[in-house]
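FYI, my numbering numbers position 29 of the sequence shown as 418, with every residue one higher than the one before it.
We treat Cβ as the ideally placed atom computed from N, Cα and C, and that holds for glycine.
Step one of this worksheet: look at the structure below.
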Amino acid sequence: MNCHVCHSSKTGKFLHQKGVGVHQNLVVLSQVDARKVTSGDLSLYVCENCGFVSNSGFDDSLLSYGARYDNTQIRKQKSNLICLTIQ
Ligand SMILES: [Zn+2]
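Rendered as structure tokens:
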């Protein structure tokens, strides 16, 4: 695999994991729904020339950004604060 940034062929795989959820911030309402989320493979390579890290297992056909995708970081932080207060 060649580097996407500098096109060097000096790359090395350092992590491979099968069955990783493809969406980082997908909101699911139940454990059953969580087990049904779309998954793919994670294969991380690092470029020995420039240090860029890429995922050769990335497959954009698996992605679907619908109404349940929530990329709001602030709301999550507020939720954590509320949990800490209740405990
Ligand atoms: Zn590179």
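Identify whether residue i lies in helix, strand or coil by the three-state DSSP scheme.
{"i": "aspartate 422", "result": "helix"}
{"i": "serine 398", "result": "coil"}
{"i": "aspartate 449", "result": "helix"}
{"i": "valine 409", "result": "strand"}
Cβ of residue i versus every heavy atom of ligand 1: is any distance shorter than 8 Å?
{"i": "phenylalanine 441", "result": "yes"}
{"i": "serine 445", "result": "no"}
{"i": "histidine 412", "result": "no"}
Closest to residue i by CA distance: which of the options is it?
{"i": "asparagine 482", "options": "Tyr458, Asn444 and Ala456", "result": "Since the first residue of the chain shown is 390 and the last is 476, residue 482 is not available in this structure."}
{"i": "serine 453", "options": "His393, His405, Val411 and Gly401", "result": "Val411"}
{"i": "serine 432", "options": "His405, Val442, His393 and Asn460", "result": "His405"}
query: For the 8 Å Cβ check, are there 3 or more pairs between the stretch 394-402 and the stretch 436-453?
result: Touching, per the Cβ criterion.
- prompt: Can we say the stretch 415-423 touches the stretch 442-449, given the rule of at least three CB pairs closer than 8 Å?
  reply: no
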